[in-house]
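In what follows, a structure is listed as C-alpha coordinates, so that the remarks can point back to it.
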Amino acid sequence: MERISHADLPSGMFDHLHAIEAQIFNSPLDDNLVELVKLRISQENGCSYCVDMHHKELKHAEETDLRLSSLCVWEETPYFSDRESAVLKFAEKLSKAGVKPLPEVYYTELLEYFNKEEISYLTLVVAQINTWNTLMKVFRFTPGNYKVVTQL
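First residue of the sequence shown? That's 8 in the working numbering, and the numbers climb one at a time after it.
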(Lines of atoms letter the chains of each structure in order from A; the text may use other names.)
(Lines give C-alpha, C1' and ligand atoms only; values in the text may rest on other atoms or scores of the structure.)
Protein backbone atom coordinates (compact mmCIF):
# COMPACT_ATOMS: atom_id res chain seq x y z
CA MET A 8 0.00 0.00 0.00
CA GLU A 9 1.25 3.43 -0.89
CA ARG A 10 2.49 5.54 1.98
CA ILE A 11 2.85 8.67 -0.12
CA SER A 12 1.11 8.99 -3.49
CA HIS A 13 1.94 11.24 -6.43
CA ALA A 14 -0.84 13.54 -5.23
CA ASP A 15 0.81 13.83 -1.78
CA LEU A 16 4.21 14.92 -3.12
CA PRO A 17 5.32 18.52 -2.73
CA SER A 18 4.87 20.44 -5.96
CA GLY A 19 7.95 20.20 -8.16
CA MET A 20 9.65 17.57 -6.01
CA PHE A 21 10.55 15.36 -8.98
CA ASP A 22 11.34 18.19 -11.42
CA HIS A 23 15.11 18.13 -10.93
CA LEU A 24 15.20 14.32 -10.92
CA HIS A 25 13.34 14.30 -14.24
CA ALA A 26 15.81 16.87 -15.60
CA ILE A 27 18.66 14.51 -14.70
CA GLU A 28 16.80 11.67 -16.44
CA ALA A 29 16.55 13.83 -19.56
CA GLN A 30 20.29 14.56 -19.41
CA ILE A 31 21.03 10.82 -19.15
CA PHE A 32 18.63 10.10 -22.04
CA ASN A 33 20.47 12.67 -24.18
CA SER A 34 23.90 11.32 -23.22
CA PRO A 35 26.03 9.18 -25.56
CA LEU A 36 25.07 6.05 -23.57
CA ASP A 37 22.93 3.35 -25.14
CA ASP A 38 19.40 3.55 -23.71
CA ASN A 39 19.11 -0.22 -23.29
CA LEU A 40 22.39 -0.35 -21.36
CA VAL A 41 21.12 2.40 -19.07
CA GLU A 42 17.86 0.51 -18.49
CA LEU A 43 19.80 -2.70 -17.82
CA VAL A 44 21.78 -0.93 -15.10
CA LYS A 45 18.62 0.58 -13.63
CA LEU A 46 16.91 -2.81 -13.52
CA ARG A 47 19.91 -4.58 -11.98
CA ILE A 48 20.48 -1.99 -9.26
CA SER A 49 16.75 -1.92 -8.51
CA GLN A 50 16.87 -5.71 -8.08
CA GLU A 51 19.87 -5.37 -5.76
CA ASN A 52 18.12 -2.64 -3.75
CA GLY A 53 14.83 -4.55 -3.53
CA CYS A 54 12.76 -1.78 -5.14
CA SER A 55 9.69 -3.51 -6.53
CA TYR A 56 8.28 -0.42 -8.25
CA CYS A 57 11.54 0.28 -10.09
CA VAL A 58 12.06 -3.38 -11.00
CA ASP A 59 8.59 -3.38 -12.58
CA MET A 60 9.27 -0.10 -14.40
CA HIS A 61 12.66 -0.98 -15.87
CA HIS A 62 11.61 -4.53 -16.76
CA LYS A 63 8.71 -3.06 -18.76
CA GLU A 64 10.97 -0.48 -20.41
CA LEU A 65 13.40 -3.22 -21.49
CA LYS A 66 10.59 -5.46 -22.77
CA HIS A 67 9.27 -2.50 -24.76
CA ALA A 68 12.79 -2.09 -26.20
CA GLU A 69 12.61 -5.77 -27.24
CA GLU A 70 15.07 -7.12 -24.68
CA THR A 71 14.86 -10.92 -24.57
CA ASP A 72 13.07 -12.81 -21.83
CA LEU A 73 16.17 -14.96 -21.36
CA ARG A 74 18.38 -11.96 -20.56
CA LEU A 75 15.73 -10.32 -18.39
CA SER A 76 15.15 -13.44 -16.33
CA SER A 77 18.89 -14.05 -16.04
CA LEU A 78 19.91 -10.53 -15.04
CA CYS A 79 19.75 -11.43 -11.33
CA VAL A 80 22.45 -14.07 -12.00
CA TRP A 81 24.20 -12.31 -14.89
CA GLU A 82 27.72 -13.30 -13.74
CA GLU A 83 26.85 -16.98 -14.12
CA THR A 84 25.49 -16.72 -17.68
CA PRO A 85 26.94 -16.21 -21.17
CA TYR A 86 24.16 -13.80 -22.18
CA PHE A 87 25.88 -10.50 -21.42
CA SER A 88 28.77 -9.02 -23.36
CA ASP A 89 32.10 -8.17 -21.77
CA ARG A 90 31.12 -4.49 -22.09
CA GLU A 91 27.81 -5.06 -20.30
CA SER A 92 29.51 -7.18 -17.65
CA ALA A 93 32.01 -4.41 -16.93
CA VAL A 94 29.16 -1.94 -16.49
CA LEU A 95 27.13 -4.28 -14.28
CA LYS A 96 30.16 -4.99 -12.05
CA PHE A 97 30.88 -1.27 -11.80
CA ALA A 98 27.24 -0.42 -11.02
CA GLU A 99 26.86 -3.10 -8.35
CA LYS A 100 30.16 -2.24 -6.67
CA LEU A 101 29.49 1.50 -6.77
CA SER A 102 25.97 1.03 -5.45
CA LYS A 103 27.33 -0.93 -2.46
CA ALA A 104 30.43 1.20 -1.92
CA GLY A 105 29.10 3.10 1.09
CA VAL A 106 31.91 5.29 2.39
CA LYS A 107 34.70 3.27 0.76
CA PRO A 108 36.36 4.50 -2.43
CA LEU A 109 35.57 2.48 -5.55
CA PRO A 110 38.41 -0.02 -6.15
CA GLU A 111 40.54 0.95 -9.16
CA VAL A 112 39.91 -2.33 -10.98
CA TYR A 113 36.24 -1.48 -11.66
CA TYR A 114 37.09 1.92 -13.14
CA THR A 115 40.02 0.57 -15.16
CA GLU A 116 37.88 -2.17 -16.68
CA LEU A 117 35.35 0.43 -17.86
CA LEU A 118 38.12 2.32 -19.69
CA GLU A 119 38.35 -0.61 -22.11
CA TYR A 120 34.85 0.19 -23.37
CA PHE A 121 34.00 3.77 -22.39
CA ASN A 122 35.57 7.22 -22.41
CA LYS A 123 35.57 9.51 -19.37
CA GLU A 124 32.41 11.33 -20.46
CA GLU A 125 30.54 8.04 -20.73
CA ILE A 126 31.90 6.83 -17.38
CA SER A 127 30.71 10.10 -15.85
CA TYR A 128 27.22 9.41 -17.18
CA LEU A 129 27.33 5.78 -16.02
CA THR A 130 28.19 7.04 -12.55
CA LEU A 131 25.24 9.43 -12.71
CA VAL A 132 22.93 6.58 -13.78
CA VAL A 133 23.93 4.57 -10.70
CA ALA A 134 23.53 7.55 -8.37
CA GLN A 135 20.16 8.42 -9.92
CA ILE A 136 18.67 4.92 -9.70
CA ASN A 137 19.82 4.65 -6.09
CA THR A 138 17.97 7.92 -5.40
CA TRP A 139 14.80 6.69 -7.11
CA ASN A 140 15.03 3.35 -5.28
CA THR A 141 15.32 5.12 -1.94
CA LEU A 142 12.32 7.34 -2.65
CA MET A 143 10.15 4.47 -3.88
CA LYS A 144 11.05 2.26 -0.90
CA VAL A 145 9.77 5.00 1.43
CA PHE A 146 6.81 6.18 -0.66
CA ARG A 147 5.88 2.61 -1.71
CA PHE A 148 4.34 3.45 -5.06
CA THR A 149 2.38 0.37 -6.14
CA PRO A 150 4.34 -1.93 -8.47
CA GLY A 151 2.49 -3.06 -11.58
CA ASN A 152 0.94 0.33 -12.26
CA TYR A 153 3.77 1.69 -14.40
CA LYS A 154 2.96 2.11 -18.09
CA VAL A 155 5.63 2.57 -20.73
CA VAL A 156 5.16 5.87 -22.49
CA THR A 157 5.30 5.38 -26.23
CA GLN A 158 6.04 8.27 -28.49
CA LEU A 159 3.67 8.85 -31.38
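Glycine residues also receive a C-beta, built at the ideal position from the N, C-alpha and C atoms.
- Taking a C-beta distance under 7 Å as the contact criterion, Val-58 and Ser-49 qualify as a contact pair.
- In the structure shown, the three-state DSSP call for Asp-37 is coil.
- For Thr-141, the uninterrupted alpha helix (DSSP H) run begins and ends at 123 to 146, by DSSP.
- Residue burial annotation: Phe-32 is exposed, with fewer than 16 other C-beta atoms found within 10 angstroms of its C-beta.
- In the structure shown, Ile-11 adopts coil according to DSSP, grouped into three states.
- Nearest C-alpha to Leu-46 among Pro-35, Ser-34 and Glu-64: Glu-64.
- Here the region 105 to 118 does not lie against the region 139 to 152, with fewer than 3 beta-carbon pairs under 8 Å apart.
- Distance check between Trp-139 and each of Ala-29, Tyr-56, Lys-123 and Leu-129 places Tyr-56 closest, using alpha-carbon atoms only.
- Residue Arg-74 holds the alpha-carbon nearest to the alpha-carbon of Val-44 among Arg-74, Pro-17, His-25 and Asp-22.
- Pairing Pro-17 with His-67, the inter-Cα distance amounts to about 31 Å.
- Note on Glu-82: under 16 other CB atoms within 10 angstroms of its CB, so exposed under the neighbour-count rule.
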